[in-house]
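The block underneath contains the structure these notes are about, expressed in structure tokens.
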Amino acid sequence: MFARFSFIAVFALLASGCANTSPTLGSKSISYGDTKAVETVTNEFGSTDLQMIAESMTRSLAQSGIMQGRPVVQVYDVKNKTSEYIDTREITTSIKTQLMKTGVARFASDNNAMQSQVDQLKLQNQSGLYKKSTVAKTGNMIAAKYRIEGSISSIVKRSSDYKDVFYKFSLQLIDVESGLAEWMDEKEIRKTTER
Amino acid sequence: MRFKFIAVVALALLAGCATPPPPEPGSAASKVVAMGKLKNIVVGAMRVARENGFMTVNAQMSNTSFNNKTFYYRFAWLGPEGFPVAEEETWKSQMMYGEQTSFIQAIAPTAKAVDFRLEIKTP
């Protein structure tokens, strides 16, 4: 009886000794990193470039003083004039998010979201499925006072020893009624790889 | 005599280990958070202004070396209670030529920011 009890006790002790007390699971070669770290894995367009552009443009626009009275703005996609694939929608999404957090602007449905907006209005007004008092009325959408558009271009130079990439990001705020560009800014980034 | 000598040496060692006095509150030095010892990079005068409601900081940076040096920096924006009022900024890399003095500029992401900290690190 004593021997059986001792065996169970030793087994329990061993099992608890082997238990994983760290709140992690899986391979030690995988780890979470700092999303705000300077990324220099290659000299192609990277997370740091995206973050720096969005940060710089948003703050310059917010501080310019043009966005008085929280105007309604429509954001257009950034034109990618570089030779590499860049998800430019992520740049505009970041700029839009940061401006929204700053509280200086309101945003009208952009080109990509417009179809969903129209579909929802049609569904509410034409399907007869919804209680009339809760249906969103048509003809009440707010038109944008300004539109934001931009572009990113690059100059790439290579030699046997160097690869130099120069990015130029431009963004402008245009008054829809007058067509005048009311604000504009640029962000330049140079990345050089020495072989 | 021997005891006196040991006491003097011990005092000298203790004085050497003493931490320098903390920077005065509100001074430029009190706004700098260096991650480790800064190698050849010196943070100089800082100018703070408010433009269209947003806090703007201009900090003078100097490279004391003859060689080009890179440093990493970012600003943290604080509210009246001393807590961050925006999410962490992305780290930026800045290259300075040998013996160069230049400025880094930053704009607060929100008008709520009333104070800041400059986080800086040299590789």
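Protein chains in written order, with this note's numbering: chain A, 1 to 195; chain B, 196 to 318.
We put the CB at the ideal spot given by N, CA and C, even for glycine.
Top-ranked residue by Cα proximity to residue i, from the options
i: A:Lys36; options: A:Tyr130, A:Lys157, A:Ala54; result: A:Ala54
i: B:Ser297; options: B:Met241, B:Glu282, B:Glu283; result: B:Met241
i: B:Asn253; options: B:Phe311, B:Thr259, B:Asn235, B:Thr265; result: B:Phe311
i: B:Pro318; options: B:Lys234, B:Ala224, B:Ser225; result: B:Lys234
i: A:Gln98; options: A:Phe166, A:Met52, A:Lys122, A:Lys145; result: A:Met52
i: B:Pro275; options: B:Gln300, B:Glu282, B:Arg269, B:Ala308; result: B:Ala308
i: A:Val176; options: A:Tyr146, A:Thr88, A:Gly103, A:Ala113; result: A:Tyr146
i: A:Leu173; options: A:Ala144, A:Pro23, A:Tyr32, A:Val118; result: A:Ala144
i: A:Ile86; options: A:Gly103, A:Ser64, A:Ser47; result: A:Ser47
i: B:Ile302; options: B:Lys316, B:Thr285, B:Phe270, B:Ala223; result: B:Phe270
i: A:Gly150; options: A:Ala136, A:Ser116, A:Lys187; result: A:Lys187
i: B:Tyr267; options: B:Thr285, B:Lys226, B:Gln255, B:Leu273; result: B:Thr285
Integer Cβ distance of residue i from residue j, believed to fall under 8 Å
i: B:Glu314; j: B:Met230; result: 7 Å
i: A:Ile148; j: A:Val41; result: In fact, because the Cβ distance is near 30 Å, the residues do not count as touching under 8 Å.
i: A:Ala108; j: A:Arg70; result: About 12 Å; that fails the 8 Å criterion.
i: A:Leu50; j: A:Ser94; result: 7 Å
i: A:Asp185; j: A:Met57; result: 6 Å
i: A:Ile152; j: A:Lys81; result: 7 Å
i: A:Leu121; j: A:Thr138; result: 6 Å
Residue environment, residue i, which counts as buried when at least 16 other CB atoms sit within 10 Å
i: A:Ile142; result: exposed
i: A:Arg158; result: exposed
i: A:Gln126; result: exposed
i: B:Gly248; result: exposed
i: A:Ser29; result: exposed
i: A:Asn140; result: exposed
i: B:Val238; result: buried
i: B:Asn263; result: exposed
i: A:Ser178; result: exposed
i: A:Gln63; result: buried
i: A:Leu25; result: exposed
i: A:Arg4; result: exposed
i: A:Thr88; result: buried
is_contact[residue i, chain B] using C-beta, thresh 9 Å
i: A:Arg59; result: yes
i: A:Met141; result: no
i: A:Val38; result: yes
i: A:Gln63; result: yes
i: A:Asp34; result: yes
i: A:Met114; result: no
i: A:Thr193; result: no
Beta-carbon gap between residue i and residue j smaller than 9 Å
i: A:Lys101; j: B:Pro304; result: yes
i: A:Asn43; j: A:Tyr76; result: no
i: A:Phe166; j: A:Val78; result: no
i: B:Glu294; j: B:Phe261; result: yes
i: B:Met290; j: B:Ser257; result: no
i: A:Leu61; j: A:Leu171; result: yes
i: A:Arg195; j: A:Asp164; result: no
i: A:Val38; j: B:Lys287; result: yes
Cβ of residue i within 9 Å of any chain A Cβ
i: B:Ala301; result: yes
i: B:Tyr267; result: yes
i: B:Ala254; result: no
i: B:Ser297; result: no
i: B:Ser222; result: no
i: B:Phe249; result: yes
Residue i beta carbon near the ligand SAH (any heavy atom closer than 8 Å)
i: A:Ala144; result: By its list of ligands, the structure shown contains no ligand whatsoever, and the ligand SAH lies outside what it can speak to.
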